[in-house]
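Written out below as C-alpha cells is the structure these notes cover.
There are 2 protein chains.
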Amino acid sequence: MDKSKFHLLLVDDEPDIIEFVSYNLSREGYQISTAKNGLEAVEQVKKNKPDLILMDIMMPVMDGMTAVSKIKALPGTNDIMIVFLTARAEDYSQEAGFEAGADDYISKPIKPKILVHRINALLRRINKTDNNKTIECGSLIIDPTKYVIIYQSNEVVLPRKEFELLQLLASHPNKVFNRDEILAKVWGKDVVVGDRTIDVHIRKIREKINANIIITIKGVGYKFVE
Amino acid sequence: MDKSKFHLLLVDDEPDIIEFVSYNLSREGYQISTAKNGLEAVEQVKKNKPDLILMDIMMPVMDGMTAVSKIKALPGTNDIMIVFLTARAEDYSQEAGFEAGADDYISKPIKPKILVHRINALLRRINKTDNNKTIECGSLIIDPTKYVIIYQSNEVVLPRKEFELLQLLASHPNKVFNRDEILAKVWGKDVVVGDRTIDVHIRKIREKINANIIITIKGVGYKFVE
DNA sequence: AGCATAGCTTAACGATAAATTAACACCACT
DNA sequence: AGTGGTGTTAATTTATCGTTAAGCTATGCT
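Protein sequences, first through last, are from chains S and R. The first sequence begins at -5 in my numbering and counts up one residue at a time. The second sequence begins at -5 in my numbering and counts up one residue at a time.
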C-alpha cells in the first residue's frame, strides 16, 4: 500500500495535539493537512477532499459533530472515513459519534502505536477509486468538480444522488451493476433504503437526459451504454 | 434464494435482543435457533451446524470471542459465517473481531433494516459460485459482467434464465448435461419445475442465436458445441 | 407399418421485477 | 414560518419473464 497516496485531514484546536498526531502519521508517509476548528475543516474539505478525517469533538467555533454532519452533507463525501478524537472525560457518548457517521473512535491520551495501527487498518479497507476525474464517454461528459453533466453539448444539473448514481454507472460503461453494488457504492454500506428508491433515481436521470443511456436488465441490475 | 434453508444461530444473553432479532429474521423466512451464552453456542454448533452465527461479544459464562475461537476449532466449521453484535459504548476493537474470523460486525442499537440487509448480503455470498468469468469459445463470447452474449460479433441479449442456462452449457463445451444437473445448477436444488421448462428455454436460446450451438442428445441431455 | 418415447413448438397464463406516480419528510435558504 | 429542491416511500400499473399445458414431430423399436 502506497501511503503517500492517502490524504488525511487533522482537526483539533490544541496545537500540541496537532503536532503530535501530525508527526506520527506523516512519519508513516501519509499526507497531512490540518484545521483548528470545525468550520475550517469544512472549508478545507470543500477545496480538497481527504480520504480520512481525524476530528476532535470539543472545539471552539464549530464542534466536531456539527462539522461532520456538514461535511457529509456535501456532495461526494460519502466515502470519507471519519475518526473522532475525544478526551475520556468528555460528556459526548460514543453513540452520538457513530450516529454522526464515525468509522472509529480514538480516546485521548493518544498512544502513537494505537493511532497508527488503527489508521492503517481503516485505510487498508479503502479501495481508492478516483471519483474526482471527469468521465467522458460518447456524447456524455461528467464533471465532478462542477457537479454538472453535459449530454450532447447541453448542460444538465443533477442533484447529488442522481449524479453519483450516474457517475457510478458511467465509470464502467456496459458493466451491469446490481442493486446491492449500487446501494453500497452510492448510499454507503450502513444506509439502507428501499429497493424502489433506486428505480426512482434511475427514472429521474432518464427523464432529464432524454435518451436511453441506462438500460435495465431485469432481475440483474442496470448498466450504462454510450 | 430460498431463505428457509438457511439456519442461523443467535447468541445473546439479553432476552430482549434475542426476541427482537429473532422476530426480524424469522419474518424473512430464516430458521433461527438461539443460545444465551458462548458455552451454549458451542454446544449447539456441535449438535447442529448453522450457516451463520450472530454472536454478542459481552456475555456471562463465555464471551463471544472465546466462543468463536472454540467453534472455529471444531471440524467442518470453516464455512460458518460469523457476525458480531456489540454495544457501541464497549471499548471494542473491531479489528480483534475480524481477526477472530468475523465476516461482519453489527453495532447496537440494531436497526431492523440494516440487520436484515446485512444478513441477506452475507448469505447471498455463500451460494455464489464463480460464474463471473468471461467464457470464450469459438465465435461465442459470454460476458457475465456486461450480461451480454456475442456470437459472431453481434450482440445478443438474453433474459436471466436463458443466460444462465447457456452459461452453464458453455462452461464445459461438449459435456452432456442431463436434465437433473441443469435443474440443480440453474434453478437450484430444491426448486421444482416441469421438464418441459428446460426445453422451452433451450428453444428460445436457439432462436436468438441462430445456429445449432446446442445439440440435444435424446434420452440423455443437452450439450454445447462451438 | 404402427406405436411409443422424448423432445419441439406454440400460445396462454401467472409471477415477478421494474416503471410510474403521487405523497410525504427533511433541509437549506429566505 | 414559508418555499423549493431533494430524497424516500408506498401504492398502483405495466411489461417482461418463466412456466405450463397441449398438440405436434421425429426417431427408434417390435
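All residues carry an ideal CB built from backbone N, CA and C; glycine is no exception.
About 7 Å separates the beta carbons of S:Gln161 and S:Ile129, which is inside the 8 Å limit, making them a contact pair. Between R:Asp7 and R:Met56, the alpha-carbon positions lie close to 10 Å from each other.
Under the three-state reduction of DSSP, R:Met52 is assigned to coil, being neither helix nor strand. The shortest CA-to-CA distance from R:Tyr145 to any of R:Val180, R:Lys202, R:Met59 is the one to R:Lys202. In terms of beta-carbon proximity, R:Thr139 lines the interface with chain S, with at least one pair separated by less than 8 Å. With a 10 Å radius around the Cβ and a threshold of 16 neighbouring Cβ atoms, S:Glu156 comes out buried. Annotation: the continuous beta strand (DSSP E) that includes R:Phe78 extends over 75 to 81. Contact note: R:Lys107 reaches chain S through Val186, using a C-beta cutoff of 8 Å and chain order.
Under a criterion of Cβ atoms nearer than 8 Å, the residues of chain R adjacent to S:Lys169 are, in order, Thr139, Lys140.
Between R:Val77 and R:Ala61, the CB-CB gap reaches or exceeds 8 Å. Distance from the CA atom of S:Gln25 to the CA atom of S:Thr210, rounded to whole angstroms, is 41 Å. Contact with chain S is absent for R:Arg197, since none of that chain's Cβ atoms lies less than 8 Å from the residue's Cβ. In terms of Cβ geometry, S:Ile74 and S:Ile51 do not form a close pair [threshold 8 Å].
Counting only unbroken stretches of 3 or more residues, the beta strand (DSSP E) elements lying wholly within the segment 111 to 159 of chain S are 129 to 131, 134 to 137, 142 to 145, 148 to 151, in sequence order.
Contact between S:Leu4 and S:Val15 holds, since their C-beta atoms are separated by about 6 Å, short of 8 Å. At a cut-off of 8 Å, the C-beta of R:Ala115 has a neighbouring C-beta in chain S.
Close to R:Arg21, with beta-carbon spacing below 7 Å, lies no residue of chain S; the smallest spacing is near 16 Å. Nearest CB-CB separation between R:Arg119 and chain S: not below the 8 Å threshold. Residue state for S:Ala96 is assigned as coil, using DSSP reduced to three classes.
When CB distances to chain S are screened at a threshold of 9 Å, the residues of the segment 149 to 176 of chain R falling below it are Val151, Pro153, Arg154, Lys155, Phe157, in chain order. Comparing alpha carbon positions, the residue from R:Tyr99, R:Pro167, R:Pro54, R:Leu19 closest to R:Tyr216 is R:Pro167.
In the structure shown, S:Phe0 falls within a coil segment according to DSSP collapsed to helix, strand and coil. Bounds of the beta strand (DSSP E) holding R:Thr210 are 208 to 211. DSSP places S:Tyr17 inside the alpha helix (DSSP H), whose first and last residues are 9 to 20. Bridge partners of R:Asn172 according to DSSP: R:Gly215. Chain-ordered, the chain S residues with CB closer than 7 Å to the CB of R:His111 read Val186. Assigned with DSSP and collapsed to three states, R:Lys183 falls in coil, not helix or strand. Take the alpha-carbon of R:Ser63 and the one of R:Val39: they are about 12 Å apart.
Chain R has a Cβ within less than 8 Å of the Cβ of S:Ile211.
Taking 8 Å as the threshold, the shortest C-beta distance from S:Val180 to chain R does not fall below it.
Taking a Cβ-Cβ threshold of 8 Å, the residues of chain R close to S:Val214 are Tyr141, Arg154, in chain order. For R:Gln25, the pairing in a beta bridge is given by DSSP as R:His1. For R:Lys102, the secondary structure class from DSSP, reduced to helix, strand or coil, is strand.
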